[in-house]
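Residue 3 is where the sequence shown starts when you use this note's numbering, and the numbers rise one by one after that.
Note that the Cβ used here is the ideal one computed from N, Cα and C, for glycine as well.
What follows is one structure encoded as structure tokens, with my remarks underneath.
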Amino acid sequence: MKDAMAASKKPSKPKTPPKSGASKAKQPELDAALFDALQEMLSEGRLGDLFDEPDTPQELIEEIAALEADESRGLFEDLVDALSDMRIEANSGNRQARQEVRELLSWLEQRIEQPDLGGSKLVMVAQAFGAANLALGPSLQAAITRQLQEGSDGEDVGGRSLETLLEDLADEMDGDPLEHFDALSHIAHYLSEEAKWEIAAKLASNQDPRLREMTLGFLLTADDRTAGVICDALVASTEQNPPESRLVSRLALVRALVLPDRAQRIDSVLAALRPHVVPSPPERAVKLTTVLASVPDGAGATTIAASAKGRPSQTITLLIKTGLGIVEISDLEGITGQRLKMLFAQSDIRAHPASQSHVATRLAAAVAENWEGGTPVPPLLVRFMELLELSTLPANDFEPEVLFDEILSGVLLDVSSLENQRTALQKLQDEGTLVETWFEANDEIDALLSKIRSRDKRLEALLTSYLPTRRWFWIRQCAWTAGILREQKGRDGKLAVWVAVLGKQLCSTRPLAESPLMQAVAEGTIKAFMLQ
Numbered sequence: 003m004k005d006a007m008a009a010s011k012k013p014s015k016p017k018t019p020p021k022s023g024a025s026k027a028k029q030p031e032l033d034a035a036l037f038d039a040l041q042e043m044l045s046e047g048r049l050g051d052l053f054d055e056p057d058t059p060q061e062l063i064e065e066i067a068a069l070e071a072d073e074s075r076g077l078f079e080d081l082v083d084a085l086s087d088m089r090i091e092a093n094s095g096n097r098q099a100r101q102e103v104r105e106l107l108s109w110l111e112q113r114i115e116q117p118d119l120g121g122s123k124l125v126m127v128a129q130a131f132g133a134a135n136l137a138l139g140p141s142l143q144a145a146i147t148r149q150l151q152e153g154s155d156g157e158d159v160g161g162r163s164l165e166t167l168l169e170d171l172a173d174e175m176d177g178d179p180l181e182h183f184d185a186l187s188h189i190a191h192y193l194s195e196e197a198k199w200e201i202a203a204k205l206a207s208n209q210d211p212r213l214r215e216m217t218l219g220f221l222l223t224a225d226d227r228t229a230g231v232i233c234d235a236l237v238a239s240t241e242q243n244p245p246e247s248r249l250v251s252r253l254a255l256v257r258a259l260v261l262p263d264r265a266q267r268i269d270s271v272l273a274a275l276r277p278h279v280v281p282s283p284p285e286r287a288v289k290l291t292t293v294l295a296s297v298p299d300g301a302g303a304t305t306i307a308a309s310a311k312g313r314p315s316q317t318i319t320l321l322i323k324t325g326l327g328i329v330e331i332s333d334l335e336g337i338t339g340q341r342l343k344m345l346f347a348q349s350d351i352r353a354h355p356a357s358q359s360h361v362a363t364r365l366a367a368a369v370a371e372n373w374e375g376g377t378p379v380p381p382l383l384v385r386f387m388e389l390l391e392l393s394t395l396p397a398n399d400f401e402p403e404v405l406f407d408e409i410l411s412g413v414l415l416d417v418s419s420l421e422n423q424r425t426a427l428q429k430l431q432d433e434g435t436l437v438e439t440w441f442e443a444n445d446e447i448d449a450l451l452s453k454i455r456s457r458d459k460r461l462e463a464l465l466t467s468y469l470p471t472r473r474w475f476w477i478r479q480c481a482w483t484a485g486i487l488r489e490q491k492g493r494d495g496k497l498a499v500w501v502a503v504l505g506k507q508l509c510s511t512r513p514l515a516e517s518p519l520m521q522a523v524a525e526g527t528i529k530a531f532m533l534q
């Protein structure tokens, strides 16, 4: 969830307050034990360990290189956490963090040339970047691919044959196959095309139904050639390995998430598989209890979460960014709907109950952005759709101005009035968290504003040079905000009208300098720039 949910994958148990008598009796013992531990650390010169800064990604990668391959696996989660923290800071508008990402990638491109970071260690580093959703960039990807191919001639992966890799995947799989797809995709992404096709074919024709189901991830994320290999292998192995019903139903969901040409190919696969379907093992029953959607922040990030009651409870959260699509999805097993609401509140994320219709419309637009921008559609989206009982997605024909007109229909308000525009903005600003993060922060902004000293000139540059290129982004920002607010009752529902007023004005051709909302965005952008 906007990255804050990552800490919730291992929820802590609620603490039960001890009885006052027991607390008083044990406190001296705890104080004495703590004192003894601190004294021991001091005598051994280790007291500074309490105040050490966390290891940087570079330091962790150096540790991985220095250890034996088996020992280095213990640092994988630490590296993922460090890379995730770096990504979060960079995406939040932190200029220094963005520079640190560039320096890390430049350093790593040189570091992987040394032999002590090859084979399975290099694969693990690549996997960590994938798990942290931190892009390596084309040049580094090419360098890693070259290193792996030179070390294995494309015949194995980090020192393991493809057969061994698949066996290990099957042995380690203890849940939904789609949850394990990332581990494979992070490796496959850095292999030669031929090795990737071989993995895909072996998966799709494997006797283990879980491995066959894992191929659905490739249909969402891979190129047309790899997807074609999977389709052919699924059909060719049908009689030898009859498809289970869950594989077929999920394949139908995947069809709703791909482009028309691939959807047509999947139709032919479904036609070939359906006559041979065998029942899947029964699954535990779950009941959907909570669906929440946040209003977008200044970066266009929206979190949608669904929670279902069962044994254990299931919660899936996904992060959508306007212009990019779905960029992150997490399965938080054991998190209840009530706990989910608490996590939103603790993260200062303004979230509201969302209808199936709103979520489906938002997903359709996001998936289209995934394909347009080349961001892979996360396979776990299939599970999210199952949880919401969505058999397909609507056509991606969402029109922000149509939504604004629907909300403003019957409202006796002159949308073009500057006074009403200012009133609308004030109403939203009075809500605090609703629009307080609505500003821009990126390298382009830094380059533009660093050349200008005057505040007025900076405002002019933003409103006449930069923000006009972002008009469509802010129109959609208003539309998604109004869309979720209109479903609410009371005060929140009324706020949808004021958001629509601001959004409708942006749909016109009037200069952005006449928009109170864009003036506020420009002022917030300058303030954020000055605070860095």
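- Taking 4 residues as the shortest admissible run, the stretch 444-473 contains the following complete alpha helix (DSSP H) segments, listed from N- to C-terminal end: 445-451 and 457-463.
- Residue pairing by DSSP puts K311 in a beta bridge opposite K289.
- Put simply, the backbone Cα of G120 is about 17 Å away from that of G76.
- Secondary structure at T317: strand, using DSSP grouped into helix, strand and coil.
- Non-local beta-carbon contacts of V437 in its own chain, meaning distances under 6 Å to residues more than five positions away in sequence, involve L430 in chain order.
- T511 counts as exposed, since fewer than 16 other C-beta atoms from the protein chains shown sit within 10 angstroms of its C-beta.
- Here the C-alpha atom of N243 lies approximately 20 Å from the C-alpha atom of W199.
- Ranked by Cα distance from L136, the first of L85, Q101, A99 and S108 is L85.
- Relative to the Cα of C233, the nearest Cα in the group P378, T217 and S247 belongs to T217.
- It is roughly 7 Å from the alpha-carbon of H278 to the alpha-carbon of P245.
- Judged by DSSP in its simplified three-state form, P518 adopts helix.
- With a 10 Å radius around the Cβ and a threshold of 16 neighbouring Cβ atoms, D226 comes out exposed.
- For L415, the three-state secondary structure derived from DSSP is coil.
- Within the same chain, and ignoring the five residues on either side of D83 in sequence, no residue has its Cβ closer than 6 Å to its Cβ.
- With contacts defined as CB atoms closer than 8 Å, F183 and G139 fail to qualify as a contacting pair.
- Under DSSP, H278 takes part in no beta bridge, so it has no partner.
- Note on geometry: alpha-carbon atoms of L272 and P396 lie some 21 Å from one another.
- Counting along the chain, no beta strand (DSSP E) covers V503; the unbroken alpha helix (DSSP H) around it starts and ends at G492 to L508.
- With a cutoff of 8 Å on beta-carbon distance, I318 and D333 are scored as near each other.
- If you draw a straight line from the Cα of E64 to the Cα of A353, it comes to about 41 Å.
- Contact check for L222 against L259 passes: the beta carbons are separated by less than 8 Å.
- No Cβ-Cβ contact shorter than 8 Å links V329 with N422.
- Each of N96, G95, A128 and R100 was checked against the Cα of E111, and the nearest Cα belongs to A128.
- In this structure, the alpha-carbon of E489 lies about 12 Å from that of V361.
- Look at the stretch 200-245 and you find these whole runs of alpha helix (DSSP H), each 4 residues long or longer: 211-216, 218-223 and 226-238.
- Judged by DSSP in its simplified three-state form, S332 adopts strand.
- A straight-line Cα-Cα distance of about 18 Å links G412 and G492.
- In the three-state scheme derived from DSSP, where H, G and I count as helix and E and B as strand, A356 is classed as coil.
- Taking all protein chains shown into account, V280 has fewer than 16 neighbouring C-beta atoms within 10 Å of its C-beta and is therefore exposed.
- Taking C-beta atoms under 8 Å as the contact rule, S187 and S207 fail to qualify, at a distance of about 19 Å.
- Counting along the chain, the unbroken alpha helix (DSSP H) around W109 starts and ends at R97 to R113.
- V293 sits buried, since 16 or more C-beta atoms from the chains shown fall within 10 Å of its C-beta.
- About 6 Å separates the Cβ atoms of N398 and A367, confirming a contact at the 8 Å cut-off.
- Ranked by Cα distance from V417, the first of R457, C509, T324 and Q348 is C509.
- Under DSSP, T305 shares a beta bridge with L321.
- The beta carbon of P179 is closer than 6 Å to those of R212, E215 and M216 in its chain, skipping five residues each way along the sequence.
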